[in-house]
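J.:
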Amino acid sequence: MKDTILIIEDSKLLAKSLALNLNNMGLKTLIGYSWQEGRDILNADADKIGLIFLDYLLPDSNGLEILDRLKENENFSGIPVVILTSIEDQSILNEGLSKGAKDYLIKSNINVETLIEFANKYIDAPDIVKLPQ
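Take the sequence shown: its position 24, counting from 1, is numbered 24 in my numbering, and each next residue is one higher.
Following this line, the structure appears as structure tokens:
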């Protein structure tokens, strides 16, 4: 079952905060603080990962390059990717979507409701917290 979210984010504070909120919703998370760490996790656990939250700017790569690499690898190409960014540049966001990202989140707009929405949209886990109707 692909019920784990991989967070590839170099801000330890943001990555841990996302993981804590997602864990509180009943989801499993893994964190890579660089593309290298994220790639290592993917190589070991691709069969468990149902969603990737990918920082647009990492110390060892950028999100657009990583999207290309993910698309090229048949083990990773089917995993939905949501770009995390502080940059509100529509051309960059559109390029990310054209390279295969399913969506994007502006970091300053991330909240619990948004995380629940994305988890419910992309993760195959029966115990996810649902938003009240």
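Virtual Cβ for every residue (Gly too), placed ideally from N, Cα, C.
Check residue 55 in the structure and name its three-state DSSP category.
T.: Here residue 55 sits in strand by DSSP.
J.: Between which two residues does the beta strand (DSSP E) carrying residue 47 extend?
T.: That residue, residue 47, is in no beta strand (DSSP E); it is neither H nor E in DSSP.
J.: Return yes when the Cβ of residue 9 is within less than 8 Å of the Cβ of residue 55, no when it is not.
T.: Taking 8 Å as the Cβ cut-off, residue 55 and residue 9 qualify as a contacting pair.
J.: By DSSP's criteria, residue 81 is part of a beta bridge. Which residues make up the other side?
T.: BP columns for residue 81 point to 52.
J.: Alpha carbon to alpha carbon, how far is residue 79 from residue 6?
T.: Distance between the alpha carbons of residue 79 and residue 6: 10 Å.
J.: Following the continuous beta strand (DSSP E) through residue 28, name the residue where it begins and the one where it ends.
T.: Residue 28 -> beta strand (DSSP E) spans 28 to 32.
J.: Does the region 59 to 67 come into contact with the region 21 to 30, if we say contact requires no fewer than three beta-carbon pairs (one atom in each stretch) closer than 8 Å?
T.: Contact fails: fewer than three Cβ-Cβ distances are below 8 Å.
J.: What would DSSP say about residue 61, mapped onto helix, strand or coil?
T.: Strand, per DSSP.
J.: I need the DSSP call for residue 6, collapsed to helix, strand or coil.
T.: Strand at residue 6.
J.: Taking just the CA atoms, how far does residue 45 sit from residue 1?
T.: When rounded, the distance between both Cα atoms is 11 Å.
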